[in-house]
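What follows is a short report on a single structure.
4 protein chains.
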Amino acid sequence: MPKRDREATRARLLEAARLRFAREGYDATSVRDIAKDSGVDATLIFRYFGSKKRLFDEATAAHAPPGLLDGPAEELVARMVRAVVLHDWTEYGGEHPLVAMLRSSAHEDTRQRIREEVCDTYVTALRDLAGGEKTEDAELRAELLSAWLVGIGILRSVVATPELAKAEAGDLAPHVAAVATALLGRPMSGLPKDGGSEG
Amino acid sequence: MPKRDREATRARLLEAARLRFAREGYDATSVRDIAKDSGVDATLIFRYFGSKKRLFDEATAAHAPPGLLDGPAEELVARMVRAVVLHDWTEYGGEHPLVAMLRSSAHEDTRQRIREEVCDTYVTALRDLAGGEKTEDAELRAELLSAWLVGIGILRSVVATPELAKAEAGDLAPHVAAVATALLGRPMSGLPKDGGSEG
Amino acid sequence: MPKRDREATRARLLEAARLRFAREGYDATSVRDIAKDSGVDATLIFRYFGSKKRLFDEATAAHAPPGLLDGPAEELVARMVRAVVLHDWTEYGGEHPLVAMLRSSAHEDTRQRIREEVCDTYVTALRDLAGGEKTEDAELRAELLSAWLVGIGILRSVVATPELAKAEAGDLAPHVAAVATALLGRPMSGLPKDGGSEG
Amino acid sequence: MPKRDREATRARLLEAARLRFAREGYDATSVRDIAKDSGVDATLIFRYFGSKKRLFDEATAAHAPPGLLDGPAEELVARMVRAVVLHDWTEYGGEHPLVAMLRSSAHEDTRQRIREEVCDTYVTALRDLAGGEKTEDAELRAELLSAWLVGIGILRSVVATPELAKAEAGDLAPHVAAVATALLGRPMSGLPKDGGSEG
DNA sequence: CATGAATGAGGGTTCATTCAT
DNA sequence: GATGAATGAACCCTCATTCAT
Numbered sequence: 001m002p003k004r005d006r007e008a009t010r011a012r013l014l015e016a017a018r019l020r021f022a023r024e025g026y027d028a029t030s031v032r033d034i035a036k037d038s039g040v041d042a043t044l045i046f047r048y049f050g051s052k053k054r055l056f057d058e059a060t061a062a063h064a065p066p067g068l069l070d071g072p073a074e075e076l077v078a079r080m081v082r083a084v085v086l087h088d089w090t091e092y093g094g095e096h097p098l099v100a101m102l103r104s105s106a107h108e109d110t111r112q113r114i115r116e117e118v119c120d121t122y123v124t125a126l127r128d129l130a131g132g133e134k135t136e137d138a139e140l141r142a143e144l145l146s147a148w149l150v151g152i153g154i155l156r157s158v159v160a161t162p163e164l165a166k167a168e169a170g171d172l173a174p175h176v177a178a179v180a181t182a183l184l185g186r187p188m189s190g191l192p193k194d195g196g197s198e199g
Numbered sequence: 200m201p202k203r204d205r206e207a208t209r210a211r212l213l214e215a216a217r218l219r220f221a222r223e224g225y226d227a228t229s230v231r232d233i234a235k236d237s238g239v240d241a242t243l244i245f246r247y248f249g250s251k252k253r254l255f256d257e258a259t260a261a262h263a264p265p266g267l268l269d270g271p272a273e274e275l276v277a278r279m280v281r282a283v284v285l286h287d288w289t290e291y292g293g294e295h296p297l298v299a300m301l302r303s304s305a306h307e308d309t310r311q312r313i314r315e316e317v318c319d320t321y322v323t324a325l326r327d328l329a330g331g332e333k334t335e336d337a338e339l340r341a342e343l344l345s346a347w348l349v350g351i352g353i354l355r356s357v358v359a360t361p362e363l364a365k366a367e368a369g370d371l372a373p374h375v376a377a378v379a380t381a382l383l384g385r386p387m388s389g390l391p392k393d394g395g396s397e398g
Numbered sequence: 399m400p401k402r403d404r405e406a407t408r409a410r411l412l413e414a415a416r417l418r419f420a421r422e423g424y425d426a427t428s429v430r431d432i433a434k435d436s437g438v439d440a441t442l443i444f445r446y447f448g449s450k451k452r453l454f455d456e457a458t459a460a461h462a463p464p465g466l467l468d469g470p471a472e473e474l475v476a477r478m479v480r481a482v483v484l485h486d487w488t489e490y491g492g493e494h495p496l497v498a499m500l501r502s503s504a505h506e507d508t509r510q511r512i513r514e515e516v517c518d519t520y521v522t523a524l525r526d527l528a529g530g531e532k533t534e535d536a537e538l539r540a541e542l543l544s545a546w547l548v549g550i551g552i553l554r555s556v557v558a559t560p561e562l563a564k565a566e567a568g569d570l571a572p573h574v575a576a577v578a579t580a581l582l583g584r585p586m587s588g589l590p591k592d593g594g595s596e597g
Numbered sequence: 598m599p600k601r602d603r604e605a606t607r608a609r610l611l612e613a614a615r616l617r618f619a620r621e622g623y624d625a626t627s628v629r630d631i632a633k634d635s636g637v638d639a640t641l642i643f644r645y646f647g648s649k650k651r652l653f654d655e656a657t658a659a660h661a662p663p664g665l666l667d668g669p670a671e672e673l674v675a676r677m678v679r680a681v682v683l684h685d686w687t688e689y690g691g692e693h694p695l696v697a698m699l700r701s702s703a704h705e706d707t708r709q710r711i712r713e714e715v716c717d718t719y720v721t722a723l724r725d726l727a728g729g730e731k732t733e734d735a736e737l738r739a740e741l742l743s744a745w746l747v748g749i750g751i752l753r754s755v756v757a758t759p760e761l762a763k764a765e766a767g768d769l770a771p772h773v774a775a776v777a778t779a780l781l782g783r784p785m786s787g788l789p790k791d792g793g794s795e796g
């Protein structure tokens with residue numbers, strides 16, 4: 001681990017920030033906490049990121065799991081569930097980043113960021129499956145399905161209800177397929193046997 | 200009326216606290232904010248409640264809408280959706296209290312409080328409908344449906360996706376009925392024509 | 399000296415601020431310095447004044463010596479010299495407040511404040527003596543005389559040139575009278591025998 | 598040309614420092630400001646000058662306009678006024694360096710520097726004109742005249758009173774001659790028709 | 001020799017909370 | 001019992017300066 005390495009230091013700050021901001025939210029996290037966690041002087045946060053706010057923005061920049069939108073259309077919902085249930089979000093404290101960001105949703109900026117990622121990534125893709133704009137209330141049904149995914153993420157990690165907290169992707173497969181098929185008006189498959197390329 | 204002043208002051212503090220905590224979250228709310236909002240000296244918060252934390256606990260004490268669990272079983276889900284969509288949560292800044300509390304979920308205490316209300320009120324009632332403990336994965340299916348309700352609440356107010364934000368209970372009725380029926384394995388009705396006894 | 403006395407505490411803060419700001423200037427003075435000097439907690443600065451800047455503004459609020467503009471017109475210049483030379487400016491570190499404020503003249507706000515007091519109090523009164531607006535270049539001559547007063551104040555305290563630093567009002571009397579008479583185009587008297595009501 | 602780079606870099610740092618220190622004062626100027634202005638790494642300030650303080654000292658080293666003390670004695674005061682009013686002090690932000698240094702007069706070192714230049718250059722020369730040490734109060738009268746010059750500089754640039762701010766040397770000529778003659782006890786001329794050898 | 005990463009002290013300011021009055 | 005003055009810790013951030021590379 002080389003000292004005096006700009007990129008390495010930046011990365012360590014980002015890593016610590018990601019974890020703290022996810023677990024404790026923006027307000028409950030101090031720059032000194034992040035500095036201590038990463039073993040880096042707090043001043044460097046301002047040198048490299050300018051402000052606590054900008055560090056937050058960069059640390060929580062949206063990262064949909066790669067490949068989420070690629071692959072067979074009928075498996076899209078299954079891939080989304082896997083993103084919530086299976087994907088390795090250790091970097092974000094074990095939660096889907098969107099769920100973690102809710103903890104900072106007291107600030108309108110954060111709400112805006114959540115809104116953009118939910119709409120651009122999830123709702124948009126699901127709306128296309130639901131028949132696009134030509135179909136009556138495709139948007140609403142896409143939002144309802146997105147709401148379900150978000151809700152599952154919250155009950156799993158924030159609320160930690162007993163069954164969802166320990167559920168694996170396979171446990172949810174039949175229910176997912178049934179509900180998605182009902183909402184989108186077209187057959188959706190469950191989850192493939194293996195976890196695919198997911199971590 | 201010196202006797203009732205104490206109660207009136209307490210009530211005003213609680214009211215202001217409820218609104219602030221819901222809108223801005225625990226950390227972003229200062230006791231001085233609450234004092235100013237309610238026109239009361241900040242010291243009284245400590246006299247009456249002991250600490251900011253205890254004021255928060257009391258202000259956000261769970262309040263399921265009255266009558267939520269009463270009435271025909273097949274309309275339970277419809278009543279729950281109405282609790283999220285229709286009920287007048289002005290006191291809590293316009294959001295379902297559970298959704299508002301997510302903003303303060305940086306603290307484990309708050310998570311515990313959310314967990315209890317979600318499980319005790321929503322999951323429990325839905326599990327009974329899904330067949331009780333004797334039925335395979337009734338708990339999981341109840342949690343999945345609860346997750347959906349929570350998710351709808353979040354997308355409506357926090358994320359404010361376009362269609363859900365403006366949806367009324369009637370818009371969601373058919374979808375609700377279809378999904379609930381599928382998940383619970385028994386027919387659930389949509390919403391009655393009128394808003395029922397909801398405020 | 400009563401504790402927990404709002405006005406007394408405010409006054410002590412103002413006194414300490416006046417001295418520090420005068421001696422060291424705005425930037426070199428920290429709120430903690432002022433707090434330590436006055437034996438008051440630094441937080442109270444913000445409670446009572448809102449910000450360091452507003453404390454500065456209040457501490458350096460212009461105070462022309464009372465009676466400066468009252469009395470025989472031909473003695474006005476003499477009174478002004480006395481204000482610079484004799485008046486007890488201990489509160490401001492021994493200098494005329496305007497001179498002290500030059501130490502903070504890096505900030506445009508302060509320059510504006512100096513400008514207003516110089517123009518409103520000194521230049522205006524002298525311009526009237528020089529013949530008012532109807533006389534050719536009365537304004538210029540009034541400004542030139544004001545410049546002289548300011549310059550005397552600076553050489554006395556900031557630069558501390560040997561003779562001016564120790565000069566008393568009587569030492570300057572003949573020169574003052576001569577120059578003022580020449581500049582204003584009307585006879586100005588020197589200083590009265592005694593120091594009058596000045597401290 | 599690696600040999601001259603060092604000198605060129607030093608010169609650029611000095612130039613930027615001169616401007617910043619003059620305009621904003623010592624405390625409000627950061628070494629990073631100077632480094633940025635000159636396009637030079639901030640570390641070089643410490644390599645070349647040792648500290649911010651020593652850079653300040655070097656950047657504000659006294660520079661009486663060349664030729665100030667040469668020429669006919671009866672024109673000395675006129676030349677001094679020209680130094681304040683006409684000389685191109687762009688390097689110092691447009692003000693006479695002594696005036697600019699008042700902005701940093703919170704520090705005794707700076708006051709000492711101002712004192713030396715005022716005494717050695719201005720007061721000394723004027724005292725000789727006033728009759729030298731053998732004449733009663735020649736020193737005082739020399740200081741009074743110096744005070745006037747300093748005061749004019751301040752009202753022109755810091756305070757920016759309307760007439761002095763726009764005055765040119767010619768506007769001040771008659772008043773200068775009259776006052777100087779009165780104070781020094783010997784005839785002083787106004788300004789020559791042209792600007793003379795001034796830059 | 002020059003770059004820039006690192007440092008530690010201190011800046012103004014706000015916080016929840018306590019204690020006189 | 002109610003008011004508000006006082007407190008001290010902590011906040012984000014900037015500073016002049018040093019030390020590896």
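Protein chains in written order, with this note's numbering: chain E, 1 to 199; chain R, 200 to 398; chain L, 399 to 597; chain Y, 598 to 796.
Beta carbons are placed, not taken as given, at the ideal position from N, Cα and C, and that holds for glycine.
Which residue comes first and which comes last in the alpha helix (DSSP H) that contains residue i?
{"i": "Leu746/Y", "result": "Ala735 to Gly750"}
{"i": "Arg402/L", "result": "It is not in any alpha helix (DSSP H) - Arg402/L carries neither H nor E in the DSSP assignment."}
{"i": "Arg127/E", "result": "Thr124 to Leu129"}
{"i": "Leu172/E", "result": "Ala169 to Leu184"}
{"i": "Met499/L", "result": "Pro495 to Leu500"}
{"i": "Leu363/R", "result": "Pro361 to Lys365"}
{"i": "Thr508/L", "result": "Glu506 to Glu515"}
Name, please, each residue of chain L whose Cβ falls closer than 8 Å to the Cβ of residue i.
{"i": "Arg738/Y", "result": "His573"}
Among the options, which one has its Cα closest to the Cα of residue i?
{"i": "Ala337/R", "options": "His107/E, Arg113/E, Leu149/E and Pro162/E", "result": "Pro162/E"}
{"i": "Leu19/E", "options": "Ala125/E, Lys53/E, Tyr48/E and Asp33/E", "result": "Asp33/E"}
{"i": "Asp128/E", "options": "Glu74/E, Leu149/E, Ser105/E and Ala100/E", "result": "Glu74/E"}
{"i": "Gly664/Y", "options": "Ala632/Y, Thr718/Y, Ala605/Y and Ala766/Y", "result": "Thr718/Y"}
{"i": "Glu733/Y", "options": "Gly782/Y, Thr778/Y and Ala744/Y", "result": "Gly782/Y"}
{"i": "Ala757/Y", "options": "Val682/Y, Pro662/Y and Glu688/Y", "result": "Val682/Y"}
{"i": "Ala216/R", "options": "Ser304/R, Ile244/R, Val280/R and Gly270/R", "result": "Ile244/R"}
{"i": "Ala420/L", "options": "Leu538/L, Gln510/L and Ser555/L", "result": "Ser555/L"}
{"i": "His63/E", "options": "Leu98/E, Ala11/E and Thr9/E", "result": "Leu98/E"}
{"i": "Val81/E", "options": "Leu183/E, Asp171/E, Ala106/E and Arg6/E", "result": "Asp171/E"}
{"i": "Arg651/Y", "options": "Val628/Y, Ser635/Y, Ser786/Y and Leu780/Y", "result": "Val628/Y"}
{"i": "Ala727/Y", "options": "Trp686/Y, Asp667/Y, Ala777/Y and Leu752/Y", "result": "Ala777/Y"}
Anything in chain E within Cβ reach of residue i, meaning under 7 Å, just list it in chain order.
{"i": "Ala381/R", "result": "Ala178, Val179 and Ala182"}
In chain R, which residues lie with their C-beta within 8 Å of the C-beta of residue i?
{"i": "Ser105/E", "result": "Gly224, Leu301, Arg302 and Val357"}
Residue i versus chain L: which residues are under 7 Å apart at the beta carbon?
{"i": "Trp686/Y", "result": "Simply none; closest approach about 16 Å."}
Please list the partners that residue i has in chain Y, where partner means a Cβ-to-Cβ separation under 8 Å.
{"i": "Ser544/L", "result": "Gly748, Leu752 and Thr758"}
Below 8 Å between beta carbons is the criterion; list the residues of the stretch 558-575 of chain L that meet it against any residue of chain Y, in chain order.
Ala558, Thr559, Pro560, Glu561, Leu562, Ala565, Asp569, Leu570 and His573
Output, in sequence order along the chain, the residues in the stretch 58-84 of chain E whose CB is closer than 9 Å to any CB in chain R.
none
Which residues, in chain order, does the stretch 203-237 of chain R contribute to contact with chain E at a C-beta distance below 7 Å?
Glu223, Gly224, Asp226 and Ala227
Go through the stretch 2-78 of chain E residue by residue and report every complete run of the alpha helix (DSSP H) that reaches 4 residues or more, in order.
6-28, 31-38, 43-49 and 52-59
So if I threshold CB-CB distances at 7 Å, which residues from the stretch 707-729 of chain Y count as touching chain L?
Arg708, Ile711, Arg712, Val715, Cys716 and Val720
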